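K.L.:
Structure provided below as structure tokens; questions to follow.
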């Protein structure tokens with residue numbers, strides 16, 4: 001096994017092939033993908049997590065407040081019935097598959113990955129939305145500026 005790789009968000013369902021191809025273009029082995037970190041549970045960020053986990057044996061990490069949605073233990077809830085039904089329909093049409101996360105994150109966690117990242121809990125878009133912060137001026141932000149169940153940043 002070579003250098004451990006981390007993927008932040010997987011995009012929509014059926015993106016695994018694109019992710020694997022990109023990793024190969026970098027001259028890396030997709031089997032070295034060790035961790036998939038999801039900034040929140042929405043399908044456009046977590047859609048390929050189950051398939052990528054199966055393909056690479058990577059661990060899936062998400063904030064503990066979003067874990068029930070990702071695993072299917074809790075139904076998609078939003079502030080409007082229309083949005084809730086739209087999310088459920090989108091999941092069905094795209095073949096979204098739930099996945100049980102291997103790692104439950106919380107604000108303040110320090111991730112043991114090269115360069116180190118700190119988990120910032122930024123609820124609003126979803127209850128468990130996170131940013132990943134690295135003090136040398138790096139921030140992975142997901143959809144924190146976009147509305148949701150509660151007001152975002």
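Residue numbers (full-length UniProt numbering): 1 to 153.
Where a beta carbon is used, it is the ideal one built from N, C-alpha and C, also for glycine.
These numbers were taken from a predicted model, which means no experiment stands behind them.
Quick one: complete beta strand (DSSP E) runs, 3+ long, within the UniProt domain "Metallo-beta-lactamase" (2-149)?
P.N.:
5-8, 33-37, 59-63, 103-105, 117-121, 130-134 and 138-140
K.L.:
Quick test of your reading: residue 134 and residue 120, contact by CB under 8 Å. State the CB separation rounded to the nearest angstrom.
P.N.:
The residue given as residue 134 occupies position 134 in the chain shown. The residue given as residue 120 occupies position 120 in the chain shown. Contact flag wrong, Cβ pair sits at about 11 Å.
K.L.:
Rounded to the nearest angstrom, what separates residue 61 and residue 68 at their Cα positions?
P.N.:
Sequence index remark: in the chain shown, residue 61 carries index 61 (1-based). Sequence index remark: in the chain shown, residue 68 carries index 68 (1-based). Roughly 12 Å between the two C-alpha positions.
K.L.:
Roughly how many angstroms separate the alpha carbons of residue 52 and residue 4, rounded to a whole number?
P.N.:
The residue given as residue 52 occupies position 52 in the chain shown. The residue given as residue 4 occupies position 4 in the chain shown. Rounded to the nearest angstrom, the two C-alpha atoms are 15 Å apart.
K.L.:
Look at the Cβ atom of residue 31, then the Cβ atom of residue 99, and state whether they are nearer than 7 Å.
P.N.:
Working through the chain shown from its first residue, we reach residue 31 at position 31. Working through the chain shown from its first residue, we reach residue 99 at position 99. It is not a contact, given that the beta carbons lie outside the stated cut-off.
K.L.:
Grab me the residues of residue 95's own chain with a C-beta within less than 6 Å of its C-beta, minus the 5 sequence neighbours each way, in chain order.
P.N.:
Reading the chain shown from its first residue, position 95 is the one you call residue 95. So the qualifying residues of the chain are 13.
K.L.:
Just confirm the distance between the C-beta atoms of residue 64 and residue 38, as a whole number of angstroms; I'd bet it's less than 8 Å.
P.N.:
Your numbering for residue 64 matches position 64 in the chain shown. Your numbering for residue 38 matches position 38 in the chain shown. About 12 Å separates the two Cβ atoms, so there is no contact after all.
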